[in-house]
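> Next up is a structure, given as C-alpha cells.
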Amino acid sequence: MKLDLDKNVKKGAKEFYGIIKYGIRDGFFKVQIDRRVAVEYALSHCGESDDHPMNPNFYYFGDSEDCTNFVAQCWNAAGLSAAYDFYCDGRYTNTYSWINVDDFMDYVVLRQIARVEWSSTTIKPGDIVQFCYELTDGSQVWQHSAIITGYDSNGGLCYAGHSDPRCNWPLSAIYPNKTNITEIRFLVPLYPTINWC
Numbered sequence: 277m278k279l280d281l282d283k284n285v286k287k288g289a290k291e292f293y294g295i296i297k298y299g300i301r302d303g304f305f306k307v308q309i310d311r312r313v314a315v316e317y318a319l320s321h322c323g324e325s326d327d328h329p330m331n332p333n334f335y336y337f338g339d340s341e342d343c344t345n346f347v348a349q350c351w352n353a354a355g356l357s358a359a360y361d362f363y364c365d366g367r368y369t370n371t372y373s374w375i376n377v378d379d380f381m382d383y384v385v386l387r388q389i390a391r392v393e394w395s396s397t398t399i400k401p402g403d404i405v406q407f408c409y410e411l412t413d414g415s416q417v418w419q420h421s422a423i424i425t426g427y428d429s430n431g432g433l434c435y436a437g438h439s440d441p442r443c444n445w446p447l448s449a450i451y452p453n454k455t456n457i458t459e460i461r462f463l464v465p466l467y468p469t470i471n472w473c
C-alpha cells in the first residue's frame, strides 16, 4: 500500500487549523483578495476630499504614519481577515503587520497571501505598491505603501493612499520623478478572485 503523505499532512493540518478561529493562513487555506473590492474601498476612503472620507471606524495615524494602515484596510475589505497577529481594532490597538511597511510585506508573503513583484508590467488595480526612500544619511528604508487603483490616459498606473491623501493619482508623478524614492516593489495577491486585464 502506497502512502500519500502529502494528502495526510494536508488533511491533518486542515483538521488542526479548522479548530483555530484566527491563525496563520498558509498553503492550506487560500486567502482570496477581491481586487475590485480593494479598489472600491480605496477610492471611497482615500481621504482626498469630503466625497472620499477616511473610514471613521479605523484610527488615523496622522499625516506621515497612515499609509500601511490604509492598504491593510483595503485588503481587509477585499478578503484578508483580521487575525491575532494582523489587526487594527478601530482605535489605538493594532499590530505592526497592520501598520508597518516591511511587517505588512512579511505578513502577506510569509503566509502565502501575496508575492513580491519588482516590475510594473503585470501589475493590476488592487495590487499594493511600496516605496523605498533614501534618507539624508544615505541609508535606505521602505517607508510608504499605496494601492493601485487604475490607469491614466497613457496606460500608466494610478494609486490611492493615505499620509498624503491621494485618490487615483498617477504613479509617474512620484516615481521615478521624486529623487529620494530609490525603488518600488509591488505586492500581488496569489489568489485574486478577479483578474483584471
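In my numbering, the protein residues as written are 277 to 473.
Note that beta-carbon positions come from the ideal geometry of N, C-alpha and C, so glycine has one too.
Thinking C-alpha only, which one of 445, 396 and 390 is nearest residue 468?
Of 445, 396 and 390, the residue nearest in Cα terms is 390.
> For residue 392 and residue 311, which I take to be in contact (beta-carbon distance under 8 Å), what is that distance rounded to the nearest angstrom?
Between residue 311 and residue 392 the Cβ distance is about 17 Å, and since that is not below 8 Å, they are no contact.
> From residue 434 to residue 395, what distance separates their C-alpha atoms?
Between residue 434 and residue 395, the C-alpha separation is close to 15 Å.
> Return the residue from the list 307, 381, 355 and 413 that minimises the CA-CA distance to residue 422.
Of the listed residues, the one whose Cα sits closest to residue 422 is 381.
> Between which two residues does the beta strand (DSSP E) carrying residue 444 extend?
Residue 444 -> beta strand (DSSP E) spans 442-446.
> Can you tell me which of the three DSSP states residue 387 falls into?
Residue 387: coil per DSSP, three-state reduction.
> Across which residues does DSSP place residue 407 in a beta bridge pair?
Answer is 420 and 460, bridged to residue 407.
> Let me make sure I understand the geometry here. Which of 418, 347 and 431 has the alpha-carbon closest to that of residue 309?
Comparing Cα-Cα distances from residue 309 to each of 418, 347 and 431, the minimum goes to 347.
> Starting from residue 343, trace the beta strand (DSSP E) both ways and give me its first and last residue.
No beta strand (DSSP E) holds residue 343; the alpha helix (DSSP H) holding it covers 343-353.
> Does DSSP put residue 358 in a helix, a strand or coil?
It is coil, neither helix nor strand.
> Does the beta-carbon of residue 306 have 16 or more other beta-carbons within 10 angstroms, so that it is buried, or is it exposed?
Exposed.
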